[in-house]
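The structure under discussion appears below in the form of structure tokens.
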Amino acid sequence: TAAADKHGVSEDHFLFTNGATEAFYLIAQAFVGQKAAIVAPTFSEYQDACRIHGLPYDLVKKAALDPTGYGLVWLCNPNNPDGTLIPSNELIDLIEDHPATTFVVDEAYIEFTDQLASLAAEVKRLSNLIVVRSLTKTFAIPGLRLGYVMAAQDLIGRLLSKKMPWSVNTLAIHAGLEIFEHYETWQFEVAELLEETRAFAAQVFTTEGLEVIPSHTSYFLVKLHRGTAAGLKAYLAEQHGILVRDATNFQGLDGEHIRLATQGPEANQALLNALKQWN
């Protein structure tokens, strides 16, 4: 298929899912009986998938990750919510050094960085790698629910054995076919987006009481040195009609972080003006 060809893999290394979320739950189900490590803070669905399928898990900091003894390691790259990125060569070394551990690498935001970090093509030779991708973020189609998995043939077989029939609807399938037919044409200009993000982040950084955490993507974390994330979110929504992401529910973060993403010069300036009025 065009989808598999785009990533340089064959069809037997490829599986469409009902959004990336279905993939996470299939993976957890396929690894029942194993212990998992989740590199945190990160997307909460990995924990939910493990919890629902009874996989014990540990939340570990990236710097402290030792995959030894774990059957499954969950990584988001670039990470959500902080936009940090593990270079592909470092990840490949880690995966090669721990053949008894299967690594799940969530690349939902890989198109939002200018780093060549995707491991998609590596699934042909690394039998302990599962790459999960989503079309939701890149092509703004969250309601259609279309994601996909790339992995070794036997891993794809394990996931298929757990997959509900007809989980991907016809509209999503047709949208996916159209997207992969025109993938390069329809892609946004990431360099322009990141340049806008850097300018926006620099302006946020000059706002008193706000600390920007460096990011490789079009979104970034902001640490508050006064007030709370919930309080700031409520103020922006009620007083200015602006919605930001309170990052409190990301395990490993406290109530002092929000996540921002560039929304274009006009919207960015409106948020900056609102932040400067916050006290």
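Sequential numbering of the sequence shown, starting at 33, is according to this note's numbering.
Built from N, CA and C at the ideal position, the CB exists for glycine as well.
Quick caveat: nothing in here was measured; it's all calculated off a predicted structure.
Under the three-state reduction of DSSP, which class applies to residue i: helix, strand or coil?
i, result
"ARG83", "helix"
"ASP125", "helix"
"PHE212", "helix"
"PHE282", "coil"
"VAL200", "coil"
"ILE324", "Because the chain is modelled from 33 through 311, residue 324 falls outside the range shown and cannot be assessed."
"TYR89", "strand"
"LEU303", "helix"
"LEU97", "coil"
"ARG190", "helix"
"HIS248", "coil"
"THR133", "coil"
"PRO113", "coil"
"GLN219", "coil"
"LYS308", "helix"
"LEU158", "coil"
"SER120", "helix"
"GLY175", "helix"
Just curious, the beta strand (DSSP E) that residue i is in, first and last residue?
i, result
"TYR180", "179-183"
"ILE290", "289-293"
"GLU243", "242-244"
"LEU28", "Here the chain covers residues 33 to 311 and nothing more, so residue 28 does not appear."
Expressed to the nearest angstrom, what Euclidean distance is found between the alpha-carbon atoms of residue i and residue j?
i, j, result
"GLY273", "HIS257", "23 Å"
"ILE205", "GLU43", "15 Å"
"GLU54", "ILE84", "13 Å"
"ILE173", "THR229", "22 Å"
"ALA306", "GLY287", "20 Å"
"ARG277", "ARG291", "5 Å"
"GLY175", "ILE127", "33 Å"
"THR133", "GLU213", "35 Å"
"THR202", "TYR215", "19 Å"
"LEU275", "THR294", "12 Å"
"TYR78", "VAL236", "30 Å"
"VAL244", "HIS289", "10 Å"
"VAL92", "HIS45", "29 Å"
"HIS130", "ALA233", "37 Å"
"SER120", "ALA149", "5 Å"
"LEU167", "LEU264", "31 Å"
"ASP125", "LYS195", "31 Å"
Span of the alpha helix (DSSP H) holding residue i?
i, result
"TYR102", "Neither: TYR102 is in no alpha helix (DSSP H) and is coded neither H nor E."
"LYS255", "That residue, LYS255, is in no alpha helix (DSSP H); its beta strand (DSSP E) goes 251-256."
"TYR25", "Outside the shown range of the chain, which is 33 to 311, sits residue 25, and nothing can be said about it."
"ASP171", "This sequence places Phe at residue 171; Asp is not what is there. From DSSP, the alpha helix (DSSP H) with PHE171 extends over 168-171."
"THR229", "222-237"
"LYS38", "34-38"
Which partner residues does residue i have in the DSSP bridge list?
i, result
"TYR57", "Paired residue(s): none; TYR57 is not in a bridge."
"LEU148", "For LEU148, which the question treats as bridged, DSSP gives no partner whatsoever."
"ASP138", "CYS108 and VAL164"
"ARG277", "ARG291"
Any heavy atom of the ligand ATP closer than 7 Å to the beta-carbon of residue i?
i, result
"ASP186", "Judged by which ligands are present, the structure shown has none, so any question about the ligand ATP falls away."
From the beta carbon of residue i, is the nearest beta carbon of chain B less than 8 Å away?
i, result
"GLN66", "Considering every chain present, this structure includes no chain B. It has just one protein chain."
Exercise. Are there three or more Cβ pairs, one per stretch, closer than 8 Å when the stretch 270-287 is compared with the stretch 219-228?
Worked result: no
For this session: Report yes or no: do the stretch 110-117 and the stretch 248-267 share at least 3 C-beta pairs separated by less than 8 Å?
Result: yes
For this session: Report yes or no: do three or more beta-carbon pairs, one from the stretch 181-197 and one from the stretch 157-171, lie closer than 8 Å?
Result: yes
Problem set entry | contact_flag[the stretch 92-111, the stretch 54-71] where n(CB pairs < 8 Å) is 3 or more | yes
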